[in-house]
Amino acid sequence: MPSRKTVTRASSSFWMKSLRHLLVLSSLWCLISGYSDKDRAHDLMSRYPLIDGHNDLALKLRILHSNRLSQIDLHNVSKISTDINRLQAGHVQAQMFAVYVLCGAQEKDAVRLTLEQIDVIRRMCTEYQDFELVTSAHELKNSALKHKIACLISVEGGHSIDSSLPALRMYYQLGVRSMALTHTCNTPWAESSSKLYNVYQRQNNSLTDFGKAVVEEMNRLGMIVDLSHTSWDTALATIKHSKAPVIFSHSSSFSICNHNRNVPDWLLQDLKKKRGLIMVNLHSNFISCRTEANISHVADHFDHIKKVIGAESIGIGGDFEGAVSFPQGLEDVSKYPALIQELLQRKWTENELADVLRRNFLRVFEEVERVRDQLSMKRPSEAQISLEEVKNPCRLVLRPPDLRSPSNQSPFSRAQQGPKGLLMLPIVVLLSSLLMTE
């Protein structure tokens, strides 16, 4: 009579053989039925549709159409990479739409321009039934059940708040749920990765006291802190100071492409400790460090970041409409399934890809809201930045004018004095000539 150990070993061997047979049969079935990796990618994305961290459609609407939505149909728009039909084809269920204004507007009309860009995104996402404006993780998940494309509003660049926490709070009231601390210029309180603009240069002060107050107020509001475009020092200081997870909404791996917009491995480690998220950018210059790239180059970034910090810290932030060149095969938002197909072929599991596509972002968003709820008893911050730090000639100090001072006379009243002075000149000349003749 065989021993129990022998029976157990035989049973185990039987099940291992059966499992191998099932795998072989499954592979044969896929071949026979034509169920390819392409089909797997589309099937996976239909179950876990993408939450994309960054898209500059609003910028293109301003450049090409002066924000006149009445002149276009967003289902099908030429000269750009994003419209409703292509978002649906690419299984994009939620899109973080960027509110971006040029750094040249800093110290000028950045707040007005920001409000106009918020307005066009709000209009776009409420006037089209395929879109739905969402402001919470709960609404984001519900929009998927209603088969809507959820719109999240993100301000791209801290210069948009003009160093004003009340302005930040008003953006939140309008639906903004994320803000990048900088764009390609420093602000008076945070440092950019770019040296394009020679403004607000500081030594060893990457996140000032007011910058920390901005991060704290974003935590209190439940607004996601975005570190794409910040310097590495500012990113590290923010990760350490923030109570909530942070994101890089559209950045890639510095180890694969050594562009200053990408994130080095040591900073990725700190991001993981904060339970944050890096959403891989598809811009060719950030992917291959050249103007040309392909899907394989993009997948190399995913593989490397997964090796360093795991799939649970990765998302996708395409940067369509903001960048000028994209990898071959990823030219517009409809092509996202090709990227997922490539990752499946590289042995990424469906569970890992479900995280990358949406679950990681939802986790971060929910944790940001959880921190907000923990801080619900904290009053709005009244921190203010000094005029010396801002150095903005356009800032008006609100106080009653000194009516006795000539400098406080209106331009109109001063202009009226001009012609009188000019009329006196010929009279003086005439009197002088009469005196000379006497």
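The working numbering puts the last residue of the sequence shown at 1244; the count rises by one with no breaks.
Yeah, the Cβ is synthetic: ideal placement off N, Cα and C, and Gly gets one too.
By the criterion of a C-beta distance shorter than 8 Å, residue 1096 is surrounded in its chain by 1090, once the five residues flanking it on both sides are discounted. Boundaries of the alpha helix (DSSP H) harbouring residue 927: 916-933, taken from the DSSP string.
Between the alpha carbons of residue 1205 and residue 942 lies a gap of roughly 40 Å.
By the neighbour-count definition (other C-beta atoms within 10 Å, threshold 16), residue 1185 is an exposed residue. Within the region 1104-1139, the beta strand (DSSP E) runs of at least 3 residues that lie entirely inside it are, in chain order, 1120-1122.
Taking the C-beta atoms as reference points, residue 937 is found no nearer than 8 Å to residue 952. Taking the Cβ atoms as the reference, residue 1070 lies roughly 24 Å from residue 1174, outside the contact range of under 8 Å.
The bridge partners DSSP lists for residue 945 come to none.
DSSP places residue 860 in the strand class (E or B) of the three-state scheme. The three-state reading of DSSP puts residue 1032 in strand, counting E and B together. Here residue 971 is buried. Its C-beta has 16 or more other C-beta atoms within 10 Å. For the pair of segments examined, the region 1028-1040 was found to touch the region 977-996: the number of CB pairs separated by less than 8 Å reaches three.
The three-state reading of DSSP puts residue 886 in coil, since its state is none of H, G, I, E or B. The beta carbons of residue 886 and residue 914 sit about 27 Å from each other, so the pair does not count as a contact at 8 Å.
Within the same chain, Cβ atoms closer than 6 Å to the Cβ of residue 1167 are found at 857 and 1121, the five residues on either side in sequence being excluded.
Here the region 1144-1154 makes no contact with the region 994-1014; the two share fewer than three CB pairs at distances below 8 Å.
Separation of residue 1124 and residue 1145 (C-alpha to C-alpha, rounded to the nearest whole angstrom) is 11 Å.
Setting aside the 5 residues that flank it on each side, residue 1104 is surrounded in the same chain by 1086, 1088, 1093, 1133, 1136, 1145 and 1148, each with a C-beta closer than 8 Å to its C-beta; the list follows chain order.
Shortest Cα-Cα distance from residue 861 to any of 918, 961, 1159 and 1001 involves 961. Residue 1024 holds the alpha-carbon nearest to the alpha-carbon of residue 1047 among 1068, 1056 and 1024.
In the structure shown, residue 957 adopts extended strand secondary structure according to DSSP, grouped into three states. Beyond the five residues adjoining it in sequence on each side, residue 946 comes within less than 8 Å, by CB distance, of 857, 900, 940, 956, 958, 1168 and 1171 in the same chain, given in chain order. Boundaries of the alpha helix (DSSP H) harbouring residue 1073: 1071-1079, taken from the DSSP string. The three-state secondary structure of residue 1169, taken from DSSP, is helix.
DSSP places residue 982 inside the beta strand (DSSP E), whose first and last residues are 982-986. Taking 8 Å as the cut-off, the Cβ atoms of residue 1055 and residue 1110 do not count as close. Looking at 980, 1013, 1099 and 842, the one whose alpha-carbon comes closest to that of residue 1195 is 1013.
DSSP places residue 1002 outside any beta strand (DSSP E), giving it a letter other than H or E. Shown here, residue 997 sits in coil according to DSSP, grouped into three states, outside any helix or strand.
Membership of residue 902 in the beta strand (DSSP E) is indicated by the continuous run 898-905. Bounds of the beta strand (DSSP E) holding residue 1084 are 1083-1086. Assignment of beta-bridge partners to residue 1054 by DSSP yields 1084.
Residue pairing for residue 1059: DSSP places it in a beta bridge opposite 1069. Its Cα nearest to that of residue 1077, the residue 1114 stands out among 1114, 1099 and 1065. In this structure, residue 1021 keeps its C-beta atom at 8 Å or more from the C-beta atom of residue 966.
Sixteen is the threshold: when 16 or more other Cβ atoms of the shown chains lie within 10 Å of the Cβ of residue 890, as they do, the residue is buried.
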